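Everything on this sheet refers to the single structure shown next.
Protein chains: 4
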Amino acid sequence: MSLNTFGHLFRVTTWGESHGPALGATIDGCPPGVPVEPGALQHWLDQRKPGQSKFTTQRQEPDAVKILSGVFDGLSTGTSIQLMIENTDQRSKDYGEIAKAFRPGHADIAYHLKYGLRDYRGGGRSSARETAARVAAGGVARSALATLVPGLKITGYMVQMGARKIDRSRFDAAEIGRNDFWCPDPVMAVEWAEYLDHLRKDAHDSVGAVIEVVASGVPAGLGAPIYGKLDSDLAAAMMSINAVKGVEIGDGMAAAELTGTENADEIRMGPDGPVFLSNHAGGILGGISTGQDVVVRFAVKPTSSILTPRRTINQAGDEIDLITKGRHDPCVGIRAVPVGEAMMACVLLDHLLLDRGQTGGVRGEIG
Amino acid sequence: MSLNTFGHLFRVTTWGESHGPALGATIDGCPPGVPVEPGALQHWLDQRKPGQSKFTTQRQEPDAVKILSGVFDGLSTGTSIQLMIENTDQRSKDYGEIAKAFRPGHADIAYHLKYGLRDYRGGGRSSARETAARVAAGGVARSALATLVPGLKITGYMVQMGARKIDRSRFDAAEIGRNDFWCPDPVMAVEWAEYLDHLRKDAHDSVGAVIEVVASGVPAGLGAPIYGKLDSDLAAAMMSINAVKGVEIGDGMAAAELTGTENADEIRMGPDGPVFLSNHAGGILGGISTGQDVVVRFAVKPTSSILTPRRTINQAGDEIDLITKGRHDPCVGIRAVPVGEAMMACVLLDHLLLDRGQTGGVRGEIG
Amino acid sequence: MSLNTFGHLFRVTTWGESHGPALGATIDGCPPGVPVEPGALQHWLDQRKPGQSKFTTQRQEPDAVKILSGVFDGLSTGTSIQLMIENTDQRSKDYGEIAKAFRPGHADIAYHLKYGLRDYRGGGRSSARETAARVAAGGVARSALATLVPGLKITGYMVQMGARKIDRSRFDAAEIGRNDFWCPDPVMAVEWAEYLDHLRKDAHDSVGAVIEVVASGVPAGLGAPIYGKLDSDLAAAMMSINAVKGVEIGDGMAAAELTGTENADEIRMGPDGPVFLSNHAGGILGGISTGQDVVVRFAVKPTSSILTPRRTINQAGDEIDLITKGRHDPCVGIRAVPVGEAMMACVLLDHLLLDRGQTGGVRGEIG
Amino acid sequence: MSLNTFGHLFRVTTWGESHGPALGATIDGCPPGVPVEPGALQHWLDQRKPGQSKFTTQRQEPDAVKILSGVFDGLSTGTSIQLMIENTDQRSKDYGEIAKAFRPGHADIAYHLKYGLRDYRGGGRSSARETAARVAAGGVARSALATLVPGLKITGYMVQMGARKIDRSRFDAAEIGRNDFWCPDPVMAVEWAEYLDHLRKDAHDSVGAVIEVVASGVPAGLGAPIYGKLDSDLAAAMMSINAVKGVEIGDGMAAAELTGTENADEIRMGPDGPVFLSNHAGGILGGISTGQDVVVRFAVKPTSSILTPRRTINQAGDEIDLITKGRHDPCVGIRAVPVGEAMMACVLLDHLLLDRGQTGGVRGEIG
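Chains as they are written, first to last, in full-length UniProt numbering: chain Z, 1 to 367; chain Y, 1 to 367; chain A, 1 to 367; chain D, 1 to 367.
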């Protein structure tokens, strides 16, 4: 991974600013023969696109994706794929204070210090709008995975908003698509709606969230120790998403509280090979997938663009109080769910290709 | 990062197995003119080396490092540096069951499935012994940082063992080097000693831990969005350490519980530039360092090699009960502290060079 | 370099097919603050664009470049730059035999064997049309070089067409832009014109060429031994251009004929440092620039798309005779001149950034 | 990004200086299950090692290779392989003038300018001694190729010394191992011996050479356009060898002299697929192997360390005349033959793995 590219063999370079003419993803290393249709990509982009409920930014973007290269007669050719999404609702406006002031908790000041100049319009490159390109690229990765590993399935959902966590005993996968929060717990979905309405309308505030992404049907053997470990790459991928501050695999931070006897995912022999009796490891041991579900969680901090004034400075060094008007997500974690799924898809495909290159995909035998 | 290498410009490739003749680190991209002395590297290796207290493995290894290349008259020449540590206490023994059985919670089965064969002696490549090479490489990185950024300081310590967390109100940096746990809380250090004695001698068990690593004096501007972000690379680096299951930057997973007003690290103007009134961000915004302390935490799961029997299978597919004899760490998190510091040093140096390449190290002005 | 990307820190990924909707270059790692204007890029693209004389393909393409990202108020921001060139004259036609037959000497059969499918329209990805993206990226590199190394100058020209070589005693840099061949020898330019007219109209044939690219004002110290050597990267860059079969640095292949006494570029001390009395080395010693002119030559084979029938096979395995109609360059080497210049610019900038990262750009002192 | 590393998936990092304690190669990405025996590696190292005839340096080095990691029970495990060669005949001596003076035509001055300091003992890192590490790594690559592509064969030989070229009509592969020059022409071998004796003893001079390396049995489909082309990577690999100034694929620079009709390698259908009637392309079209012999040539300049005085300067800026005593190769091209073979092996294996990763190794069908 370097600068704006991630991946070893399935390499995605994203480009584009929030209020520029377009943004997109350049994909290098997609295997040939993978079906890549605009409609299929659009399906995933529609899940992330803004303005779909009162709980996300009211910016209206169709997020229509154009495939400019690398696909012929509906199939990838093995050459670089260019996916472009034109911006349509980048409001022409006076950016006023924001152009020269630094929102506390936002990348504004960091970009200014590093680069000396920045595209301040809508957050420029640091805007979460960049994640649309990830979702588009993830759509290609999903299609390749569907071709190469038919049974593989990726499911993302929100498990926590603020201090409010789902009750795992109420977990219902079918519920995920039925509410505005990708919430698998129908009771909590209602509670979150009320809470977020309050934050948005009364408190003029935002809130953080925790997302979980699970991949089932992942072949054993993905991951290239020591530094191309599957969990290491997943951690990098998730931490690279805007506003993410923590990443967990399996039991994550809670693994610290376990003893060795508790943490051991005991193994029995099933008809099709090893069967694990628990999954504290989150499907990854020594950086390599074991065939169990790969389980990743990440925490998204609250949006820093809020209507409540905060103390800050501007480029001239003046101390000011700042509120951020405009169209912002009160809980940016919601729209991070399809982004997390996309990153999972990209990392898994990347490691599938990497493993195929290194080992030929042959697996050690048991029994 | 790819396979056994990490870093963009300061690239470290580690090699070696637990019971092979030697292990080491090949460093590519160290700036010229950096003092590299065996004694200085040994200082850091001694912090990680086994057998120093009853709370770590009793394997006796001097971990003496040899500099085989890239250094002339005590200074790095800019060419590749080879650091070698010879193994001396790899016991010649019958590996018995372990050679063909898979310890639950251990990388054994994953390596077998991926590669079809594995060096089972002492865990081979998946042994935490590999981290000695990281610490050696980190020593070079520290020396380069000391040359390039004189005020920069890296401090690691343990903040949690099992469910027992330090009391931050008792935090005393001077305490860290005085106990066997790198514990900054003298009261908790005593409690941990008792608890670990119990686990080790009575319960025949092991336990997890949380490590925190703080870098102060880090220049603003390090990190290369979107996918070479400083936090993304730190997450990958820490997650690549053996047994790590979660990584946090700043408030980490707890950031999910904050509102935007709480999370905003407000900014005032100090005599030397911006001053932040809090550090929920852990010193990184938009993937770029801000000049605040860079704060990383990671959770280490309990050692899977324990004397309590666990159910598992062997290579023949037989269901067995397994206990792991030998010399193992009851809390491998302890020795992960210098490893975490080493990774922090490597990542910071890498990004310092990367930033110097991309921007020339010039910073945007404020005021 | 990997798949469709070249460069270490200044990384260019090109995309697009000859007859697709567009092609372009994704640039990652451009330093911030570099002036990037469409007009400046267009200047270079106009030098390569087709249809400018009777000696190049008659396809009409304005090669108008759009800057979609990474530039704000006319300056690079340090984020990824997307340059797009829309195709306008991709004739809608029946590709007939070409769709399923393999032109001898062309990439057709290699793409088919590797990928199993290919975009056959106009050569798809293997078309020299891809080089437009290189020239656009090279324009950005030139602008960055102009900012960072004011005196640096890159000049490309043709030194040989078929067996006809220029007479170096008649070398006149001012002549290069005055003829259709970038020929610095006015006498030879006339001879080439007659020869190519004959080939084109009477012989229905094509011919090869040799291009030389010289960079003056290159700072000493660029190049990262052993495998990121400046000459190694230049060789890779030039060999990656369509139809190139040989690359030489300085005396090149003729260096084999020299003795050590002849080959030694003797050194004297000038007012501003070392002065070399000759330049057999082409400005590079041990993979590192010395401050002398960097001199690269490469040979371009003749276009394989010709009107003279050649024996070949088609996808069905039938043996056929094939002629290639359509608009093709009788001497594709002509348009390779600006491409070679672009690659030189990209490689030099890349190594300038790399060196700045590794050494800080500080040079060893003499005297 | 990589300084001392080459390769995409089969990655080799070399380390070590001419007069340091040891040198070696760190190999990352070797497939598991490849036989790696010291004896097999030694076979290749013995071909390159110095002091074997009066025509190479009289330094005596056994070049005994030790395998320190990545191999278990004689097979590669898929983890990083460390190969170490200890130096034994690095004479303890006064380096005198060489320590502070710059040999004309040598990397001395370039290293000094770039790094500010250099290991001047025996040329340090810029010594051709580094190529021993390449040959060792090439031995591993050959073993992996033998496992994966049984029929593949790599043959290197010298085709030119000074202006004296072999007569291709006398080409006899069996002759290559029978003389001191890897010369396939027995008549020319005798002529070279006389000429080099004269240069060495009477003229106190050195001379250049051209090496050709041919790989037969290479599968079609290796090479990753546009910038990971097989020919581009071969060019980089060969140009990275010490003293190389030119690289050719197939007809190389002479391709410029051909017309399209001459250059077209016509294709007929044989019993096992396409048969090419000529091989101007050197087995590579569009950067992808076609199944024909892959043919690479490179020119090696004469050794710059000669006993004839040359004008130069020293670090203090004094103008001096310099002769280089010591043990040097009068024609360093001779020992470059096994190095060229090693690089060919590494590049082919690398692309085999890369292709396997990207396409699964499936080939398009003909007929």
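Every residue, glycine too, gets a C-beta built ideally from N, C-alpha and C. These numbers come from a predicted model, not from an experiment.
The C-alpha of A:Glu262 lies about 24 Å from the C-alpha of A:Phe171.
According to the DSSP assignment, A:Glu212 belongs to the beta strand (DSSP E) that extends over Ala209 to Ser216.
When rounded, the separation of the alpha-carbon atoms in D:Gly78 and Z:Gly286 is 14 Å. Closest in C-alpha terms to Z:Asp321, from the list Y:His351, Y:Glu266, Y:Ser278 and Y:Gly364, comes Y:Glu266.
Spatial neighbours of Z:Asp28 in its own chain (CB-CB distance under 6 Å, excluding positions within 5 residues in sequence) are listed in chain order as Arg11 and Ser80. In terms of Cα proximity to A:Gly364, the closest of A:Thr290, A:Ser278 and A:Val296 is A:Thr290. Contact check for A:His204 against A:Ile334 fails: the beta carbons are separated by 8 Å or more. The criterion of a C-beta distance shorter than 8 Å is not satisfied by D:Leu75 and D:Leu41.
When CB distances to chain A are screened at a threshold of 9 Å, the residues of the stretch 216-248 of chain Y falling below it are Ala224, Pro225 and Ile226, in chain order.
Cβ proximity to chain Z below 7 Å picks out Gly29, Pro31 and Pro32 from the stretch 18-44 of chain D. For D:Glu319, the uninterrupted beta strand (DSSP E) segment begins and ends at Glu319 to Leu322.
Annotation note: the stretch 54-119 of chain D contains the following uninterrupted alpha helix (DSSP H) runs of length 4 or greater, listed N- to C-terminal: 108-115. By the Cβ neighbour-count rule, D:Arg168 is exposed, with fewer than 16 other Cβ atoms within 10 Å of its own.
Going by C-alpha positions, A:Ala281 is about 16 Å away from D:Val210.
Just so you know, the alpha carbons of D:Gln58 and D:Leu199 end up roughly 16 Å apart.
Distance from Z:Met158 to Z:Val337 at the Cβ level is roughly 6 Å; contact confirmed, criterion being Cβ atoms closer than 8 Å. Cβ contact annotation for D:Lys153 (same chain, cutoff 6 Å, sequence separation greater than five): Ser216 and Gly217, in chain order. Under the Cβ distance rule, Y:His198 does not count among the residues neighbouring chain Z, no pair being separated by less than 8 Å.
Note on Y:Pro330: 16 or more other CB atoms within 10 angstroms of its CB, so buried under the neighbour-count rule. Note on Y:Asp233: 16 or more other CB atoms within 10 angstroms of its CB, so buried under the neighbour-count rule. Counting every other CB atom within 10 Å of its CB across the protein chains shown gives Y:Lys54 a total below 16, marking it as exposed. For D:Val332, no beta strand (DSSP E) segment is defined, and its DSSP state is neither H nor E. With a threshold of 16 other beta carbon atoms within 10 Å, D:Thr88 falls short and is exposed. Within the DSSP bridge table, the entry for Z:Ser278 names no partner. Put simply, the backbone Cα of D:Gly51 is about 8 Å away from that of D:Glu61.
Contact between the stretch 343-359 of chain D and the stretch 348-356 of chain Z is present: three or more C-beta pairs spanning the two stretches fall below 8 Å. Spanning the alpha carbons of A:Ala254 and D:Val247 requires a straight line of approximately 11 Å.
DSSP places D:Ser206 outside both helix and strand once states are collapsed to three, so it counts as coil. In the three-state reduction of the DSSP assignment, Y:Gly122 falls in the helix class.
DSSP places D:Glu257 within a helical segment (H, G or I) once states are collapsed to three. Nearest neighbour of Z:Leu196 by Cα position, chosen from Z:Gly162, Z:Pro225, Z:Ala220 and Z:Ala128, turns out to be Z:Gly162. The beta carbon of Y:Thr324 is closer than 8 Å to those of Ile98, Arg103, Ser304, Ser305, Ile306 and Leu307 in its chain, skipping five residues each way along the sequence. For Z:Leu285, a Cβ of chain Y is located within less than 8 Å of the residue's own Cβ.
Using beta-carbon distances, Y:Gly116 counts as an interface residue toward chain Z, with a partner under 8 Å.
Excluding the 5 residues flanking it on each side, Y:Asn179 has same chain C-beta neighbours closer than 6 Å at Ala189, in chain order. The straight-line gap separating the alpha-carbon atoms of A:Ala235 and Z:Ala345 is approximately 36 Å.
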